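Notes follow once the structure below has been shown.
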Amino acid sequence: MDVQYKINRLEATNDIRPMVNRHWAELRTAKERGEKVGWASGPSFMFPYAMGMKCHFMAGYASYCGGIGAANEVLKVAEMTGDLPETCSYHRLHMGMAEAVRKGISIMPEAILPLPDLMVAGRYCTEQSHYAEGLYRRMGIRVVPVELPFVFRKEDRLMIRDFVYRQFKEIVIPTLEEVCGKPFDYDRLSEILSILKKTATIRNKCWEFFKTKPSTWTLWDYAVSMAPVIYMMGDPVGIPFYEKLLKELQDRKEKGIPAMAPEGEKYRIYWDGWIPWAFLGKFMRKFTPNGALCIVGRYPWEMFPHPELLDPEHPVDSVVDYMYGEQAGLAGNMAPKHSIEFIGGLIEEYSIDGLVMFSSKSCRMWNLSYLDVIDTLDKRCGVPGVVIEGDMIDQDMVSDSQIETRLQALFETIDGRRKRK
Amino acid sequence: MEKVLSKITEVTSDPYAYVAELKERKGKKIIGCFPMHIPEEIIHAADMIPVVIWRSNESVTWGHAHVPPYDCGITRSFVDDAVRGKLNFMDGMVFHVRQCLQVGEFPLIIERNVKPAYMEILYLPPIYQGDPIKSYLLKGLESFKASLEDFSGKKISDDNLKKSIEIYNENSSLLQKVYEIRRDRPGILKAKEVMQIVWSSMLMPKEDHNELLKELLREMEKKTVETKKERIKVIPVGCLCQTLQFDILDMIEDLGMIIPDDDLYVGSRYFANKVRLNGNPIEALADRYLIKTPLCPTKGVWDVHWGDEVIKKLRNNDAKGIISIRVKYCPPHTCYYPDFKSKMIEEGVPEVMIDMEHEVISLEGMKTRLQSFAETMGGV
Ligand code: SF4
Ligand code: SF4
């Protein structure tokens, strides 16, 4: 008889929603308290945070909107006000929200943010610049842009690191000082990094449980728990949250409770690309009945995977090294060639059976050269992969039948290889 | 004029055969550059021939095994050409990987499948304020120069580089002259011929192209054009990184519109800015890159509005309307477009957008749009 798989839900993750809601509520009401507001993209938000600004983070806002079910109507406003449907959906989401505020178009109140005093536009991808440019042109919002190139060749790393460091020191920090009318608060930046370091250290202990077979939790559990290491960094509430989560995972391991009932996962899946924020349930339902469990992914893994390298004594260097350091090097992992090494390492460490590359039709950040990456990894590690197409928040770009067919093909390939072994 | 134009048509109708033959004839190495922002002058000074990578007119086949269908035409077409071995005559390739995310597809695919003897990556920055941008750009260009010296085995002296800059500047002046004459006598060349002239400059050694242009200009000076008053002047804008299908340019003209000038990639953008000859030549090349106009939506400029620039061009040409040509799946243009459109509405400038797809399925829909656009401007 076919096994009926289902997910054992974690208790600890129930605590995240109120924390996240509080964060966004505080941002929504910041202006009422006379606080300055920033919007940020790329990992540049710790700088406005250090100045006491209430700050939004581009991808974080998208995940929040996706989570509360507001994405669709905000995207519609963007289209109504001129954006073309093939534009990056995060870009459209922000344009839609800003236009809703400007033109008084009604959207879900929780999705409305105050327009910022400053945008810190970290430009990993060019669209992160385009949305800031657009908001400047349409609403005159002040922008401080920072170019954040991916590192395509290891020998370029130091040149780029130096460049990025100089942009933060010579451009971003002085602009923040001007906008906020006070000297840059290095002490607060150090404090934020200390809190982040503690939070990410405990989070890493939780990650270890993805190595257990069967796994005690899922990538989706982690995805919904990411806020304390991204846009809520510096808020100490992340520490007890991850401590509670860690305890629950330890308990599960001791009691032999897997993430996937009844007896654990049949396929251990690596997930590449963005998280489909608006469709988490929908995607889980495509994996779970097949006994497939997503456990690791490059994007969720990028959030300060090496807390031991964070050095609050040298906060600006630390932030830059998180992106361009020799050991952590987030911006390196984004270049397709280095992603092969990185994913290859995860395949070994987490005993991965198959790769799912989630290719967002409106964003190419993670999906560069996917087919070549899959082919190389298959030849190198013997692990098959598929590309599924969709979007993080735009329902018009998600085709269920295509996704299901590709996933079935992946599961069959894994089965076929197992039989041959 | 026919002789020059037929030579140009020969080059552009089969650029693969032309460039491969050129390599044999000149005994020089060919370096493909993507996109046109690569400072070709440095490659020229290393005694190699830079060519700007182009879009073929064929459907994508093997390329689909490497890039998604929602990449822009040039990305898919270039990868397809490369993996099918159609570009094997290129000794080297240079990619500016910060142009947009899609260019980030190239390095791994090319390296893994059809690696040329030389492959270089340039990270040209957006034009943001402050010294870090300029010094980073300079470092990038210096290291590009060093890698070319390494590959060619030839030291690039400042004098050599200045000589190359002069040749390239001359090409820009000559192309500007062609455009000036067309502005004065629209219709002297068909729009597709102008595009072919610029495209051939992207493919030919500049010395040879300069000679062709001089001959063309002599002929153009002599030629008179019958002025057809009823024709409505329009300015095509955009079509980043690739040629537009010539049929579309013909269609614009067949519908009674005429193009006195353009703001196209394979058009006036290619030769808009010259490089100063005094001082350090690498710095001069960097300064040219940092000029904000003609505004390129890939370069992060926001204190100049693309719409304002194009309206200036429209007014200078006494033109009536703008035809935006947006390459399907080109994020930089797509993200900018709503603001461009708003500017046109604000200024009361008639504007229409057409999508340029790599594979043209039917031109009928486009024809209807363009026809009604011409009619709204009081055309035929
Ligand atoms: S294109 Fe992708 S990485 Fe860039 S802003 Fe959009 S979602 Fe983010
Ligand atoms: S046409 Fe647009 S998307 Fe394509 S390579 Fe050029 S800038 Fe990038």
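The listed protein sequences derive, respectively, from chains A and B. For what it's worth, my numbering labels the leading residue of the first sequence as 77, then goes sequentially. For what it's worth, my numbering labels the leading residue of the second sequence as 743, then goes sequentially. Built from N, CA and C at the ideal position, the CB exists for glycine as well. Everything numeric in this text was worked out from a predicted model, so none of it was measured.
Near ligand 1, meaning a Cβ closer than 5 Å to any of its heavy atoms, lie the following residues in chain order: A/C164, A/Y166, A/C201, A/E203, A/Q204, A/C439 and A/M441. Taking B/H808 as reference, the option from B/P777, B/P849, B/E783 and B/W796 with the minimal CA-CA separation is B/P849. B/S943 is classed as buried because its beta carbon has at least 16 other beta carbons within 10 Å across all chains shown. The CB of B/R840 comes closer than 7 Å to the CB of P225 in chain A, given here in chain order. In terms of side-chain proximity, the C-beta atom of B/C814 is found nearer than 7 Å to a non-hydrogen atom of ligand 2.
Just so you know, the alpha carbons of A/L211 and A/A174 end up roughly 8 Å apart. The secondary-structure analysis by DSSP pairs B/I1064 across a beta bridge with B/I977 and B/E1093. Proximity of chain B to A/R213 at the Cβ level (cut-off 7 Å) is accounted for by W1044, H1047 and D1081, in chain order. Going by beta carbons, A/G118 and A/Q204 fall inside the 8 Å limit. Think of a sphere of 8 Å around the beta carbon of B/I863: the chain A residues whose beta carbon falls inside it are F228, R229 and D232, in chain order. Assigned with DSSP and collapsed to three states, A/S182 falls in coil, not helix or strand. Bounds of the beta strand (DSSP E) holding A/G430 are G430 to S436.
Here the distance from the Cβ of B/H1075 to the nearest heavy atom of ligand 2 is below 7 Å. Excluding the 5 residues flanking it on each side, A/A208 has same chain C-beta neighbours closer than 6 Å at M195, A197 and V219, in chain order.
A/I371 and A/S291 do touch by the CB rule: their CB atoms are close to 5 Å apart, below 8 Å. Relative to ligand 2, B/L982 has its C-beta within less than 7 Å of a heavy atom. Within the region 908-995 of chain B, complete beta strand (DSSP E) segments of at least 3 residues are found at 974-980, given in chain order. With a cutoff of 7 Å, B/P777 counts as near ligand 2, since its C-beta is closer than that to a heavy atom of the ligand. Taken from the Cβ of B/Q841, at least one heavy atom of ligand 2 lies inside 7 Å. Within the region 109-157 of chain A, complete beta strand (DSSP E) segments of at least 3 residues are found at 113-117 and 130-133, given in chain order. With a cutoff of 7 Å, B/Q987 does not count as near ligand 2, since its C-beta is closer than that to no heavy atom of the ligand. Cβ contact annotation for A/L191 (same chain, cutoff 7 Å, sequence separation greater than five): A174, V177, M215 and I217, in chain order. Look at A/T294: its beta carbon is at least 7 Å from all of the heavy atoms in ligand 2. Residue pairing by DSSP places A/V196 opposite A/A116 and A/V220 in a beta bridge. A heavy atom of ligand 2 is found nearer than 7 Å to the CB of B/V845. One thing to note: A/Y125 has its Cβ no nearer than 8 Å to the Cβ of A/G367. Residue pairing for B/W796: DSSP places it in no beta bridge.
Relative to the Cα of A/K287, the nearest Cα in the group A/R93, A/F418, A/V222 and A/E424 belongs to A/E424. Annotation: the continuous alpha helix (DSSP H) that includes A/F363 extends over L356 to F363. Taking B/Y760 as the centre and dropping the five residues before and after it, the same chain places the C-beta of V753 closer than 6 Å to its C-beta, in chain order.
Under the DSSP definition of a beta bridge, A/G466 partners with A/S436. Annotation for A/W442: D348, G349, W350, R374 and Y375 place their beta carbon closer than 7 Å to its own, counting only its chain and skipping 5 residues before and after.
Contacts between B/P1002 and chain A, judged by CB atoms closer than 9 Å, are missing: the closest CB pair is about 28 Å apart. A heavy atom of ligand 2 is found nearer than 7 Å to the CB of B/C1072.
Between the region 224-231 of chain A and the region 383-392 of chain A there are fewer than three C-beta pairs closer than 8 Å, too few to call the two in contact.
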